[in-house]
Amino acid sequence: SKDNDDDDQQRQQQQVVASKKEQLAKASSQAQAKAATALAEVRAAAAAAGAKTKAAAVGVKKAVQPRKAPRLSEQCYALAVIAEPPKAEHTFDVQSAAYSMLTSSMEKVEQSTGLPTLTRNRQGGVTAVSLTGWTALVGMAALVVVLLAGAMLGVRQYLGHSKAGYSLVTKQAPSAH
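In the working numbering, the protein residues as written are 676 to 852.
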């Protein structure tokens, strides 16, 4: 019974692979046909442009027809979307990079401790970070330390003691009398 189930699974996998190969072959042949059609259209447009220049040289004008934009099939469009290079502004987006680094590190903490630290929406995206137990205590202590350091720095800047312990010593040249 187990061998029959394994054989059935292998046959199903082979059928899926074969159907995917057929789909790719169809998409490839359709893409080749569309490329041939587009090439014929380009050649016809080039020939028409050549005829227009000849007619213009003689002084006869041909009626101008609007150009039709070629449409891609769904398979070609899917391939074009995959082949499209990523947007450059996303590469240099520091905010999203910091967000992805934070979520990946929090996912690692979540996996290693077994405690849920990330709140997710229905699509699986991270919407919030929730800290419980000792992680909440450490997080609150870190927040207090940062706030106190910021307050001390602000007070020192306000009072003008930001350069305490520093004195500038300069040497004057002797006066020539």
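We put the CB at the ideal spot given by N, CA and C, even for glycine.
Just so we're clear, the structure is a prediction, and the values are computed from it rather than from any experiment.
Can you name the residues that DSSP bridges to residue i?
i	result
A803	T794
Assuming residue i contacts residue j (C-beta within less than 8 Å), just tell me the rounded distance between them.
i	j	result
C751	A700	With a Cβ gap of about 14 Å, C751 and A700 do not count as contacting.
L812	T792	Actually they are not in contact, since the Cβ atoms of L812 and T792 sit about 14 Å apart, beyond 8 Å.
Which same chain residues, not among the five before or five after residue i, have their C-beta less than 6 Å away from its C-beta?
i	result
G814	L806
Given residue i, which residues of its chain have a CB within under 8 Å of its CB, disregarding the five upstream and five downstream residues?
i	result
T794	V801, T802, A803, V804 and S805
K709	P745, L747, S748 and C751
Within the present structure, is the beta-carbon of residue i separated from the nearest heavy atom of the ligand FAD by less than 7 Å?
i	result
V784	You won't find the ligand FAD in this model; it holds no ligand whatsoever.
Excluding five sequence neighbours on each side, which residues of the same chain lie with their C-beta closer than 7 Å to the C-beta of residue i?
i	result
A723	none
Q690	none
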